[in-house]
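This report concerns only the one structure given below.
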Amino acid sequence: MKAFLGMKWIGIFLICLLVAQGCSVKLDAVKEELGPLQSLNHLARADTFLAPKLEAVAKQEALPAKVNSQHQMPAKQVVKGIYVSAWSAVGSKLEQLIRLVDETDLNAMVIDVKNDSGQVTYASAVPLVNEIGANSSVIIRDLKGTLKRLKDKHIYTIARVVVFKDPYLSKKKSNYAMKTYQGNVWQDNKGTAWVDPYKEEVWEYNLQIAKEAAELGFDEVQFDYVRFPENSKRVDAEVKFDNPSKRSKAQVIESFLSKAKERLGDEVYLSADVFGLTTSSDNDMGIGQDWSMISKQVHYISPMLYPSHYSNGMYGIKYPDLQPYAVIHKAISDANGKNMSLMRASAPTAEIRPWYQDFTATWVKPHKKYGNIDVKEQIKAAKEQGVEQFLLWNSNSTYSYR
Numbered sequence: 001m002k003a004f005l006g007m008k009w010i011g012i013f014l015i016c017l018l019v020a021q022g023c024s025v026k027l028d029a030v031k032e033e034l035g036p037l038q039s040l041n042h043l044a045r046a047d048t049f050l051a052p053k054l055e056a057v058a059k060q061e062a063l064p065a066k067v068n069s070q071h072q073m074p075a076k077q078v079v080k081g082i083y084v085s086a087w088s089a090v091g092s093k094l095e096q097l098i099r100l101v102d103e104t105d106l107n108a109m110v111i112d113v114k115n116d117s118g119q120v121t122y123a124s125a126v127p128l129v130n131e132i133g134a135n136s137s138v139i140i141r142d143l144k145g146t147l148k149r150l151k152d153k154h155i156y157t158i159a160r161v162v163v164f165k166d167p168y169l170s171k172k173k174s175n176y177a178m179k180t181y182q183g184n185v186w187q188d189n190k191g192t193a194w195v196d197p198y199k200e201e202v203w204e205y206n207l208q209i210a211k212e213a214a215e216l217g218f219d220e221v222q223f224d225y226v227r228f229p230e231n232s233k234r235v236d237a238e239v240k241f242d243n244p245s246k247r248s249k250a251q252v253i254e255s256f257l258s259k260a261k262e263r264l265g266d267e268v269y270l271s272a273d274v275f276g277l278t279t280s281s282d283n284d285m286g287i288g289q290d291w292s293m294i295s296k297q298v299h300y301i302s303p304m305l306y307p308s309h310y311s312n313g314m315y316g317i318k319y320p321d322l323q324p325y326a327v328i329h330k331a332i333s334d335a336n337g338k339n340m341s342l343m344r345a346s347a348p349t350a351e352i353r354p355w356y357q358d359f360t361a362t363w364v365k366p367h368k369k370y371g372n373i374d375v376k377e378q379i380k381a382a383k384e385q386g387v388e389q390f391l392l393w394n395s396n397s398t399y400s401y402r
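Per the UniProt record's numbering, residue 1 is the first one in the sequence shown, and the count goes up by one each step.
Next up, the structure:
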């Protein structure tokens, strides 16, 4: 009997030893898989990412693919930035803009990686970019080196990706373009073709570019023209959208940004540029930009609050371009009100980071020559209401701000 018991315990010991070895192999494999991820900030949120070890072992096959471990999301900061066109992101012009940042309280640059023409400005490895030649004229030849230079100067970097205004993709892949009911590529009043926001192949193209920008080292990806064309009555009368499920424009824009958050939200901050009037409108204005729906999907929302873009009489202001403080004060007040409603509902809420005007709108009648004082009036109007972050727009990247 004792011999039997002895053999029984030896058998149990051997089984346990084998199980322990097997478990150690599994745990080591899990650690190896998790290793490259542990430097990323999203792992700090243990409640959503770090399951109990035994559950991790059981679900080892379901672990996410490895992501770029070289890039860490920086701590959030009060961003004060400028738009930098691709041509301004090289050579002496870039050095001039770096000096501007050094000499002021500016600390960020928004750099074109995919511009209003649909041109990808760097040597991209995205397959469709190369197939259609969207980067055939590379402007920023050493983007990685440029980003390192900016990071060495402690400059926060934002990749601007123009999404649905894309005449290049529309030309090279006309099946992705917005089409008329007659089957022709539709063009806006300026003769520019747009891609159809309902086509998820277009989403994928832009998300691959955005992901590549994140992997190259950008701190944030900013989606611009994340909307349908304006003049919605004309658009809706002329364009046959690829929309068999009958989704609204606002639902499509939100879905695209939701997909971006799903794909990129743990690797890089996300932001969206929106029309200035989204702060005050109670609908999507026919372009698919609903403040509350967009705010739930991004870290930052950037209304383009250029006084020159408001029609005379808006907000009770006779000539908005002449009164930058008054325009911004009202717009930010309305934006804060919308965010307060979201927060009261415990909904995800993007931080407000407006675009301000640092250019002279000569086409507006009457208009004024904008300079440093006018820019600071805009900044002051928002800061008085708790919004300190801002971005400055000048299409030539030439700024009066000091």
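All C-beta atoms, glycine included, are put in the ideal place defined by N, C-alpha and C.
Counted within 10 angstroms of its Cβ, other Cβ atoms place residue i as buried (16 or more) or exposed
| i | result |
| --- | --- |
| ASN184 | exposed |
| GLU377 | buried |
| GLY191 | exposed |
| SER395 | exposed |
| SER397 | buried |
| THR278 | buried |
| ARG227 | buried |
| PHE13 | Summary for PHE13: the model assigns pLDDT 41, below 50, so the residue's position carries little reliability; its value from the coordinates is reported in the next sentence. Exposed, by the Cβ-count rule. |
| ALA125 | exposed |
| PRO127 | exposed |
| ALA213 | buried |
| SER136 | exposed |
| GLN60 | Only weak support exists for where GLN60 lies, its pLDDT of 30 falling under 50; the value from the coordinates is given anyway. Classification for GLN60: exposed. |
| ALA159 | buried |
| ALA260 | buried |
| GLY91 | exposed |
| ASP47 | Confidence is the limiting factor: at ASP47 the pLDDT is only 32, short of 50, which leaves the residue's position unreliable, though a coordinate-based value still follows. Burial call: exposed. |
| residue 403 | Because the chain is modelled from 1 through 402, residue 403 falls outside the range shown and cannot be assessed. |
| TRP393 | buried |
| GLY118 | buried |
| PRO167 | buried |
| PRO307 | buried |
Nearest-angstrom beta carbon gap, residue j and residue i [assumed within contact, 8 angstroms]
| i | j | result |
| --- | --- | --- |
| VAL129 | ILE209 | 7 angstroms |
| TYR176 | LYS211 | Going by Cβ atoms, the distance from TYR176 to LYS211 rounds to 19 angstroms, so no, they are not a contact pair. |
| VAL113 | ALA134 | So it is not a contact: roughly 11 angstroms between Cβ atoms. |
| ILE98 | TYR122 | Not really, about 19 angstroms apart at Cβ, beyond 8 angstroms. |
| LYS296 | PRO348 | 5 angstroms |
| PRO197 | VAL161 | The pair is not a contact, with the Cβ atoms about 14 angstroms apart (cut-off 8 angstroms). |
| LEU264 | VAL221 | 7 angstroms |
| ALA331 | SER280 | 7 angstroms |
| ASP358 | TYR399 | 5 angstroms |
| ALA250 | MET293 | 6 angstroms |
| ARG344 | THR104 | Incorrect: roughly 36 angstroms between the Cβ atoms, too far for contact. |
| LEU169 | ILE132 | 7 angstroms |
Candidates the options, of which the one nearest residue i by Cα
| i | options | result |
| --- | --- | --- |
| GLY145 | VAL195, ALA89, ILE132, PHE223 | ALA89 |
| VAL327 | ASN339, HIS309, VAL235 | HIS309 |
| LYS76 | ALA213, VAL268, SER248 | VAL268 |
| ASP152 | ALA335, ASP188, ASP102 | ASP102 |
| TYR356 | ARG344, ALA350, ASP321, SER311 | ASP321 |
| VAL375 | ASN339, LYS172, LEU305 | LEU305 |
| TYR156 | ALA250, GLN389, SER400 | GLN389 |
| LYS365 | ALA382, ASN339, SER311 | SER311 |
| ASP266 | GLU215, MET285, ARG234, SER174 | GLU215 |
| VAL163 | LEU342, HIS367, ASN115 | ASN115 |
| ASN283 | LYS338, GLN323, ASP142 | LYS338 |
| LYS165 | SER255, ASN243, TRP194 | TRP194 |
| VAL276 | LYS246, VAL235, TYR225, LYS383 | Position check: residue 276 holds Gly in this sequence, whereas Val was assumed. Cα-wise, what sits closest to GLY276 is TYR225. |
Any non-hydrogen atom of the ligand ADP closer than 7 angstroms to residue i Cβ
| i | result |
| --- | --- |
| GLU377 | The ligand ADP is not among the ligands present in this structure, which contains no ligands whatsoever. |
CB contact below 8 angstroms: residue i versus chain D
| i | result |
| --- | --- |
| ASP282 | The chain labelled as chain D is not found in the depicted structure, where only one protein chain is given. |
With a floor of 4 residues, list each alpha helix (DSSP H) that falls wholly inside the segment 204-276, ordered by position along the chain. 232-238, 249-264
Could you check whether the segment 310-318 touches the segment 281-301, counting it as contact only if at least three pairs of C-beta atoms, one from each stretch, sit closer than 8 angstroms? no
Stretch-stretch touch, CB-based, cutoff 8 angstroms, three pairs: the segment 78-93 with the segment 106-125: yes
Are the segment 285-294 and the segment 268-275 touching, with three or more C-beta to C-beta distances below 8 angstroms? yes
Given 8 angstroms as the limit, is there contact between the segment 146-153 and the segment 201-208, that is, 3 or more CB pairs closer than that? no
Is the segment 168-182 in contact with the segment 237-244, if contact means three or more CB pairs nearer than 8 angstroms? yes
Any chance you could list the beta strand (DSSP E) runs of at least 3 consecutive residues sitting entirely within the segment 312-357, in chain order? 355-357
3-residue-minimum beta strand (DSSP E) runs that sit fully inside the segment 67-129, ordered along the chain: 80-84, 108-114
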